[in-house]
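Residues are numbered in our numbering as their position in the sequence shown, beginning at 1, plus a constant of 156.
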Amino acid sequence: MSRAFNFAAGPATLPEPVLRQAQEELMDWHGVGASIVELSHRGPEFMEVAAQAEADLRRLVSIPDDYAVLFLQGGATAQQALMALNFTSPGQRVDYVVTGHWGKTALKQVRPYCDVNVAADGEPGGFRDIPGRETWKLSPDAAYVHYTANETIHGVEFHDIPDVGEVPLFADFSSSIASEPLDVSRFGLIYGGAQKNLGPVGVAVVIVRRDLLERAGQPRAEILDYRAHLKGDSMLNTPPTWNWYLAGLVFKWMLAEGGVEEFARRNARKAGLLYDVIDHSGGFYRNDVAVAARSRMNIPFFLHDPSLDAAFLERAAQNGMISLKGHRVLGGMRASIYNAMPEAGVQALATFMRDFQQRNG
Ligand code: PMP
Numbered sequence: 157m158s159r160a161f162n163f164a165a166g167p168a169t170l171p172e173p174v175l176r177q178a179q180e181e182l183m184d185w186h187g188v189g190a191s192i193v194e195l196s197h198r199g200p201e202f203m204e205v206a207a208q209a210e211a212d213l214r215r216l217v218s219i220p221d222d223y224a225v226l227f228l229q230g231g232a233t234a235q236q237a238l239m240a241l242n243f244t245s246p247g248q249r250v251d252y253v254v255t256g257h258w259g260k261t262a263l264k265q266v267r268p269y270c271d272v273n274v275a276a277d278g279e280p281g282g283f284r285d286i287p288g289r290e291t292w293k294l295s296p297d298a299a300y301v302h303y304t305a306n307e308t309i310h311g312v313e314f315h316d317i318p319d320v321g322e323v324p325l326f327a328d329f330s331s332s333i334a335s336e337p338l339d340v341s342r343f344g345l346i347y348g349g350a351q352k353n354l355g356p357v358g359v360a361v362v363i364v365r366r367d368l369l370e371r372a373g374q375p376r377a378e379i380l381d382y383r384a385h386l387k388g389d390s391m392l393n394t395p396p397t398w399n400w401y402l403a404g405l406v407f408k409w410m411l412a413e414g415g416v417e418e419f420a421r422r423n424a425r426k427a428g429l430l431y432d433v434i435d436h437s438g439g440f441y442r443n444d445v446a447v448a449a450r451s452r453m454n455i456p457f458f459l460h461d462p463s464l465d466a467a468f469l470e471r472a473a474q475n476g477m478i479s480l481k482g483h484r485v486l487g488g489m490r491a492s493i494y495n496a497m498p499e500a501g502v503q504a505l506a507t508f509m510r511d512f513q514q515r516n517g
């Protein structure tokens, strides 16, 4: 068996010990004679898995008790629409800070329900930087302010939590949750699809301040109602048990590795290695993001000569490094280096990039 270093942006690489454990437990979970995904979600076995996953996520991310945790379907995108239905009145003002592709997606989801104010927009600058906080045009009566903590495609990351005063701050943490310590109490709501830092695709996590769930919101069916999901332990209908179980294994793995403090150190070292190669390549490689806004999780880069792209990808694959092709929105390359990407993988990529430059420079 040979596993490649997989730099995919999500679905993304999972920790090997987690894959091994899942493989081991697939025929017979804890001696019950069936896998966990063949058992009722309402049975004691899965109820235990679900409760443990929540407890572990609470520990991992230091989620205060006055925040509820939901495990839902529909990915991050569904949550982007549901936040309008659950926390705004029809046509109410909401503020969006857009620093990349996913911030644009987020505001598209609420347009049918809200009066969207784009408080700041990085697009005129090509999403290469975060517009200065002093330029944001926030609305005092907004239901919330939304931003994207890490832009997975453009490689733009907030390294501080913006101060937006009394209006609740909502943040898309799809591609950076649990990558470093976070003061959850600064937020009204944090959400993300699991398929980058938390586990497999198919389950999304919502962390929401409980008092916000008392807002009336807009007319909606029960299945679109966060309050109902909370009351039903995120099991209003059949939940994605396999995904939830696997995410739970990833939480345990992260805790055993030393938690978010340890991952913050590893992630800083990993990103540092790649930016160093890029910045010292004399222009052979290029990353266009302002240094202070560069992502630790997703590093988009370009070769100075795009006609070398195909050879770069092919040689990388031959050397056991896959999924480096950039998103179609940007082109070029992208290395996604979430918690589960070992430092050895990033070292291998850095060495390969230097070697490729030497041969083709
Ligand atoms: N937000 C961010 C930051 C993302 O990276 C993605 C997916 N790449 C999404 C939202 C959309 O997530 P999903 O596919 O889970 O709906």
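Don't be surprised by glycine CBs; every beta carbon is placed ideally from N, CA and C. Just so we're clear, the structure is a prediction, and the values are computed from it rather than from any experiment.
CB of residue i within 8 Å of CB of residue j, strictly
| i | j | result |
| --- | --- | --- |
| R471 | G482 | no |
| H302 | V253 | yes |
| P462 | L486 | no |
| N475 | F419 | no |
| R425 | E499 | yes |
| I478 | N273 | no |
| G349 | S330 | yes |
| L429 | Q513 | no |
| Y300 | G344 | yes |
C-alpha gap between residue i and residue j, whole angstroms
| i | j | result |
| --- | --- | --- |
| I317 | S341 | 11 Å |
| L480 | K408 | 28 Å |
| V357 | Q236 | 16 Å |
| E521 | S390 | Outside the displayed span of the chain (157 to 517) sits residue 521, for which this structure offers no information. |
| L411 | P324 | 29 Å |
| N242 | G373 | 4 Å |
| G231 | I333 | 14 Å |
| R150 | H315 | Nothing in the structure corresponds to residue 150, since the chain is present only between 157 and 517. |
| N423 | P268 | 38 Å |
| D222 | D367 | 8 Å |
heavy atom of the ligand PMP below 7 Å from residue i C-beta
| i | result |
| --- | --- |
| T304 | yes |
| A240 | no |
| T507 | no |
| W400 | no |
| D381 | no |
Segment limits, alpha helix (DSSP H) that includes residue i
| i | result |
| --- | --- |
| I434 | 415 to 435 |
| P456 | Counting along the chain, P456 falls outside any alpha helix (DSSP H), though it belongs to the beta strand (DSSP E) covering 454 to 459. |
| N399 | 397 to 412 |
| G501 | 499 to 516 |
| N353 | Taken as a continuous stretch (DSSP letters only), N353 belongs to no alpha helix (DSSP H), as it is neither H nor E. |
| V174 | 172 to 181 |
| G520 | The question about residue 520 has no answer, for the chain in this structure spans 157 to 517. |
| Y382 | 382 to 387 |
| V217 | 200 to 217 |
| A237 | 231 to 243 |
Range covered by the beta strand (DSSP E) that runs through residue i
| i | result |
| --- | --- |
| T304 | 301 to 304 |
| L325 | 325 to 328 |
| N475 | Here N475 belongs to no beta strand (DSSP E), and DSSP marks it neither H nor E. |
| L226 | 223 to 228 |
Burial state of residue i (16 or more Cβ within 10 Å)
| i | result |
| --- | --- |
| H186 | exposed |
| P171 | buried |
| I192 | buried |
| G311 | buried |
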